[in-house]
Amino acid sequence: MIERGYEDFAERWNPILDVFDAEGVRFAHEVHPSEIAYDYWTTRRALDAVGNRPAFGLNFDPSHFVWQDLDPVGFLWDFRDRIYHVDCKEARKRLDGRNGRLGSHLPWGDPRRGWDFVSAGHGDVPWEDVFRMLRSIDYRGPVSVEWEDAGMDRLQGAPEALARLKAYDFDPPSASFDAAFGN
Numbered sequence: 533m534i535e536r537g538y539e540d541f542a543e544r545w546n547p548i549l550d551v552f553d554a555e556g557v558r559f560a561h562e563v564h565p566s567e568i569a570y571d572y573w574t575t576r577r578a579l580d581a582v583g584n585r586p587a588f589g590l591n592f593d594p595s596h597f598v599w600q601d602l603d604p605v606g607f608l609w610d611f612r613d614r615i616y617h618v619d620c621k622e623a624r625k626r627l628d629g630r631n632g633r634l635g636s637h638l639p640w641g642d643p644r645r646g647w648d649f650v651s652a653g654h655g656d657v658p659w660e661d662v663f664r665m666l667r668s669i670d671y672r673g674p675v676s677v678e679w680e681d682a683g684m685d686r687l688q689g690a691p692e693a694l695a696r697l698k699a700y701d702f703d704p705p706s707a708s709f710d711a712a713f714g715n
């Protein structure tokens, strides 16, 4: 049944990707639960299903990796040639033995949830590591702040999130720090 789902995905998406190829368009699929690719292995399967076509890439949103206990930085490295867009969105886990990952049908911001979206810099995303890896893989695509926080006013939170994230927009070194040392 699962394999048939990936076959169906390919049957539906390959004609769309044909048009994208003809028009020079690249699609960035956001990896998160409820999608065909929601973690590391399902992302591999989805890419394989469409023949690893360059028109089908990924929108990287680390918040979904955090609440699933996945490594967002390792994902960037492993899928470095498929990252077409980056969403800077944040999540915070509150797994205390009563609060689970699935949300328990509780509203966003409810302290009984096992995780929640929060303003960037207020959660568990390792932002410095993410931005250093983006630099390492020579990512030059769009980066956006996707702001969601049920406990903070958006007019305060969104500009604050942008300012926090801009702190990681530092230039790479022009020379290695140890270049002055002999071999």
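Each residue of the sequence shown is one higher than the last, beginning at 533 in this note's numbering. We put the CB at the ideal spot given by N, CA and C, even for glycine.
- If ASP593 sits next to GLU562, beta carbons under 8 angstroms apart, how far is it from one beta carbon to the other, in whole angstroms? Taking the sequence shown and counting its residues from 1, the one referred to as residue 593 is at position 61. Taking the sequence shown and counting its residues from 1, the one referred to as residue 562 is at position 30. Sure, about 6 angstroms apart at Cβ, within 8 angstroms.
- Closest Cα partner of ARG558 within the set ARG544, VAL650, ARG614: On the sequence shown, residue 558 is found 26 positions in, with the first residue counted as 1. Residue ARG614 is the option with its Cα nearest to ARG558.
- Item | For TYR572, three-class secondary structure by DSSP | What you label residue 572 is simply residue 40 of the sequence shown in a count that begins at 1. Correct three-state label for TYR572: helix.
- Residue from GLY646, SER595, ASN584 whose Cα sits closest to the Cα of ASN631: On the sequence shown, position 99 is the one that residue 631 refers to. Of the candidates GLY646, SER595, ASN584, the one whose C-alpha sits nearest the C-alpha of ASN631 is GLY646.
- For ASN584, the first and last residue of its enclosing beta strand (DSSP E): Counting from one through the sequence shown, the residue named residue 584 turns up at place 52. No beta strand (DSSP E) holds ASN584; DSSP gives it neither H nor E.
- Message: Once the 5 residues before and after ASN546 are set aside, which same chain residues still bring their CB inside 7 angstroms of it?
- Response: The residue given as residue 546 occupies position 14 in the sequence shown. If we look at ASN546 and ignore the five residues flanking it on each side, its Cβ neighbours are VAL582.
- Counting Cβ pairs, one atom from each stretch, are 3 or more of them under 8 angstroms apart for the stretch 679 to 686 and the stretch 649 to 661? yes
- Query: Contact between the stretch 698 to 709 and the stretch 660 to 671: three or more CB pairs below 8 angstroms?
  - Reply: yes
- Could you tell me which residues DSSP puts in a beta bridge with SER676? To locate residue 676, count along the sequence shown from 1; it is residue 144. SER676 pairs with ASP619.
- Item | Presumed contact (8 angstroms Cβ cut-off) between HIS617 and PRO674, rounded CB distance | Numbered from its first residue, the sequence shown carries residue 617 at position 85. Numbered from its first residue, the sequence shown carries residue 674 at position 142. Right, the Cβ-Cβ distance comes to about 5 angstroms (below 8 angstroms), so this counts as a contact.
- Message: Are the CB atoms of ASP656 and LYS625 within a distance shorter than 8 angstroms?
- Response: Looking up residue 625 in the sequence shown gives position 93. Looking up residue 656 in the sequence shown gives position 124. Contact: yes.
- Query: Mind checking LEU590: buried by the 16 CB within 10 Å criterion, or exposed?
  - Reply: In the sequence shown, counting from the first residue as 1, residue 590 sits at position 58. Its Cβ being crowded by 16 or more others within 10 Å, LEU590 is buried.
- By Cβ distance below 6 angstroms, which residues in the same chain neighbour ALA693 in space, the five residues on each side in sequence not counted? Counting from 1 along the sequence shown, the entry for residue 693 is found at position 161. Once the five neighbours on either side are set aside, the close Cβ partners of ALA693 are SER651, ALA652, VAL677, TRP679.
- Below 6 angstroms CB to CB, which residues in the same chain sit around VAL598 once its five sequence neighbours on both sides are set aside? For this step, residue 598 is matched to residue 66 along the sequence shown. Correct list, in chain order: ALA623, ASP656, VAL657.
- Compute the beta-carbon to beta-carbon distance between PHE607 and TYR570, rounded to the nearest angstrom, for a pair I have assumed lies under 8 angstroms. Counting from one through the sequence shown, the residue named residue 607 turns up at place 75. Counting from one through the sequence shown, the residue named residue 570 turns up at place 38. Contact flag wrong, Cβ pair sits at about 12 angstroms.
- Item | Simplified DSSP assignment, three categories, for GLU555 | Translated into positions along the sequence shown, residue 555 becomes position 23. Helix, per DSSP.
- Message: I'd like the ranges of any alpha helix (DSSP H) spanning at least 4 consecutive residues and lying wholly in the stretch 625 to 680.
- Response: 659 to 668
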